[in-house]
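Quick note on numbering: the sequence shown equals residues 133 to 468 in the working numbering.
Where a beta carbon is used, it is the ideal one built from N, C-alpha and C, also for glycine.
Accompanying notes for the structure given below.
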Amino acid sequence: MTAKKRILSGMRPTGRLHLGNLHGALDNWIQLQEQYECFFFVADWHALTTDYASPGQIRQNTWDMVLDWLAAGLDPEKSTLFVQSDVKEHAELYLLLGMITPLAWLERNPTYKDQQQQLEVKDLSTYGFLGYPVLQAADIIIYRANGVPVGKDQLPHVELTREISRRFNFMYEKEVFPVPDPLLTDVPVLPGLDGRKMSKSYGNCIYITEAEGTIQEKILKMMTDPARVRRRDAGDPEKCPVFDYHKLYSSQDEIEHVADGCRTAGIGCVDCKKILIGNILTRLAPLREKRLHLESNPEKVKEAIRKGNERASKEVRTTMEEVRAAVGLGHSMFQP
Ligand code: TRP
Ligand code: SF4
């Protein structure tokens, strides 16, 4: 039997997850854990690179995100689930990788400039923010991961990780690290309630463990094809974000029924949305129940993550011994 391929990915702690997170990343992780040896972690140090001036939410967001992970089906028996800042070796490797990473590689990183412009209110001309991808490289190679499931926006970071990994092996003349492959999760962007990309900062999200009444209300208010002003106006489902949701949550028959009804004005938007609401609520009910269960059993959650942290720590201990030896700073000469 060949060893299972090792998969690793991280998420910055953004708090409760929304449907965009579920379909964009989490569902994919949940699938992967059936086949691979998986490591998934909360990138709380990465959150600090942008939120260093107001880090107050990071702990609560970490808790909320972990609960949603478990509620959605990440299984601590199958995957190693842990918190980045609980495994200090990430920081040590980050420091060592910093020594060999040319500044030019970081300065030409497209997300560096993009983010600086997008998050204008925050001062991101910091050393920590420039080093974001070096920390990410450390996260990945410290577990000697083979595959990194990420969205398109993260591809430059995985590419940089590959270059840093090769450079380390070359510099210290030892194949310490494998060169990881990105596993592109190619899912269409889920529109939010207003038709733009679903994002916390737009306030257009449906959360995966939200109350049923709230989900229903939100969908009833959701944007539709603007051509359907009156009930008798025909519409085009391809111009309607509600239809994007039907494609994810409804049966083939229902999809055909609403598409046809929309084009012929045979059904109204409320009828169309009611079918969707039923399907979304059915899909999310078990997640919400699981979340409530976890909220009343916080010890269970802590135990799961504590175990994950331990497994992760054990794993990095061996890697770091090899790394220190490779750079010539192995076992301290002053220790017995
Ligand atoms: N930068 C990633 C994001 O914003 C999060 C992340 C941090 C990550 N370390 C990682 C993803 C390692 C994959 C592997 O989504
Ligand atoms: Fe959108 Fe459905 Fe209304 Fe068509 S009928 S515009 S798909 S909500």
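Along the chain, where does the beta strand (DSSP E) containing V174 start, and where does it finish? Working through the sequence shown from its first residue, we reach residue 174 at position 42. Residues 169 to 174.
Check whether the Cβ of A175 lies closer than 7 Å to any heavy atom of the ligand TRP, and answer yes or no. Against the sequence shown, residue 175 aligns to sequence position 43. For the ligand TRP, at least one heavy atom lies less than 7 Å from the Cβ of A175.
Should M143 be counted as a contact of the ligand TRP given a C-beta to heavy atom distance under 7 Å? For the purposes of this step, residue 143 is identified with residue 11 of the sequence shown, where counting begins at 1. True, at least one ligand heavy atom lies under 7 Å from that Cβ.
Could you check if H289 belongs to the surroundings of the ligand TRP, using beta carbon to heavy atom distance under 7 Å? Position 157 of the sequence shown holds residue 289. Correct: H289 has its Cβ closer than 7 Å to the ligand TRP.
Residues of its chain near L151, where Cβ-Cβ distance is below 7 Å and the 5 sequence neighbours each way are ignored: Translated into the one-based positions of the sequence shown, residue 151 becomes position 19. Taken in chain order, the residues that qualify are L322, M330, I338, I340.
By DSSP, does S211 sit in helix, in strand, or in coil? Locating residue 211 in the sequence shown gives position 79, counting from the first residue. Reduced to three states, the DSSP call for S211 is strand.
Selection from T182, K353, I437 that minimises the alpha carbon distance to E252: Residue 252 sits at position 120 when you count from the first residue of the sequence shown. Ranking the options by Cα distance to E252, first place goes to T182.
Please indicate yes or no: does the CB of K353 lie closer than 7 Å to some heavy atom of the ligand SF4? By one-based count along the sequence shown, residue 353 stands at place 221. Every heavy atom of the ligand SF4 is 7 Å or more from the Cβ of K353, so no.
Own chain partners of H289 with C-beta closer than 6 Å, once the 5 adjacent residues on each side are dropped: In the sequence shown, the residue the question calls residue 289 occupies position 157. Excluding sequence neighbours, H289 sits near P265, Q268.
Beta-carbon contacts of R363 that lie in its chain and below 6 Å, excluding the five residues immediately before and after: On the sequence shown, residue 363 is found 231 positions in, with the first residue counted as 1. Cβ neighbours of R363 beyond the five flanking positions: G400.
Just the Cα atoms here: how many angstroms apart are Y275 and E442? In the sequence shown, counting from the first residue as 1, residue 275 sits at position 143. In the sequence shown, counting from the first residue as 1, residue 442 sits at position 310. Going from the Cα of Y275 to the Cα of E442 covers about 13 Å.
Let me confirm a value: H132 is counted as buried when at least 16 other C-beta atoms fall within 10 Å, else exposed. Which label applies? Nothing in the structure corresponds to residue 132, since the chain is present only between 133 and 468.
Run through DSSP, which three-state label would V433 get? As a first step, residue 433 must be located in the sequence shown, where it is residue number 301. Three-state DSSP puts V433 in a helix.
Given the structure, does N357 come close to the ligand SF4, in the sense that its CB is under 7 Å from one of the ligand's heavy atoms? For the purposes of this step, residue 357 is taken as residue 225 along the sequence shown, with counting starting at 1. Looking at the sequence provided, one finds Asp at residue 357 rather than Asn. Result yes, Cβ under 7 Å from the ligand SF4.
With C-beta atoms as the reference, is G279 less than 8 Å away from K137? Indexing the sequence shown from 1 puts residue 279 at position 147. Indexing the sequence shown from 1 puts residue 137 at position 5. Against a cut-off of 8 Å, the Cβ pair of K137 and G279 comes out as a contact.
For R328, which option in D313, D376, K432 has the closest C-alpha, if you only look at C-alpha atoms? Numbered from its first residue, the sequence shown carries residue 328 at position 196. Comparing Cα positions, the closest option is D376.
Is there contact between the region 215 to 224 and the region 232 to 241, where contact requires at least three CB pairs shorter than 8 Å? no
Only counting runs of 4 or more residues, tell me where the alpha helix (DSSP H) segments fall wholly within the region 230 to 276, in order along the chain. 235 to 239, 242 to 250, 259 to 262, 264 to 273
Any 3 or more C-beta pairs closer than 8 Å across the region 351 to 369 and the region 426 to 438: The answer is no - the region 426 to 438 does not touch the region 351 to 369, with fewer than three Cβ pairs under 8 Å.
Is any non-hydrogen atom of the ligand TRP found closer than 7 Å to the C-beta of H178, if you look at the structure I gave you? Along the sequence shown, one-based indexing puts residue 178 at 46. It does: the Cβ of H178 is within 7 Å (strictly closer) of some heavy atom of the ligand TRP.
As assigned by DSSP and simplified to three states, the class of V198: As a working note, residue 198 is residue 66 in the sequence shown. DSSP places V198 in helix when its eight states are reduced to three.
I believe K353 touches L325 by the beta-carbon criterion, under 8 Å. Please report the beta-carbon distance rounded to the nearest angstrom. Taking the first residue of the sequence shown as position 1, residue 353 is located at position 221. Taking the first residue of the sequence shown as position 1, residue 325 is located at position 193. The pair is a contact, with the Cβ atoms about 7 Å apart (cut-off 8 Å).
Quick check on Y168: buried or exposed, where buried means 16 or more other Cβ atoms within 10 Å of its Cβ? If you number the sequence shown from 1, residue 168 lands on position 36. Of the other Cβ atoms in all chains shown, 16 or more fall within 10 Å of the Cβ of Y168; this residue is therefore buried.
Using only CA atoms, which one of P208, V308, G398 lies nearest to E453? Taking the sequence shown and counting its residues from 1, the one referred to as residue 453 is at position 321. Among P208, V308, G398, the Cα nearest to that of E453 belongs to V308.
Candidates K422, T243, P281: closest to F172 by CA position: Translated into positions along the sequence shown, residue 172 becomes position 40. Per the Cα distances, P281.
L461 versus E291 - alpha carbon distance: Locating residue 461 in the sequence shown gives position 329, where the first residue counts as 1. Locating residue 291 in the sequence shown gives position 159, where the first residue counts as 1. C-alpha separation (whole angstroms): 28 Å.
Which residues mark the beginning and the end of the beta strand (DSSP E) in which I139 is found? In the sequence shown, counting from the first residue as 1, residue 139 sits at position 7. Counting along the chain, the beta strand (DSSP E) containing I139 begins and ends at 138 to 143.
According to DSSP, is L419 part of a helix, a strand, or is it coil? Looking up residue 419 in the sequence shown gives position 287. L419: helix per DSSP, three-state reduction.
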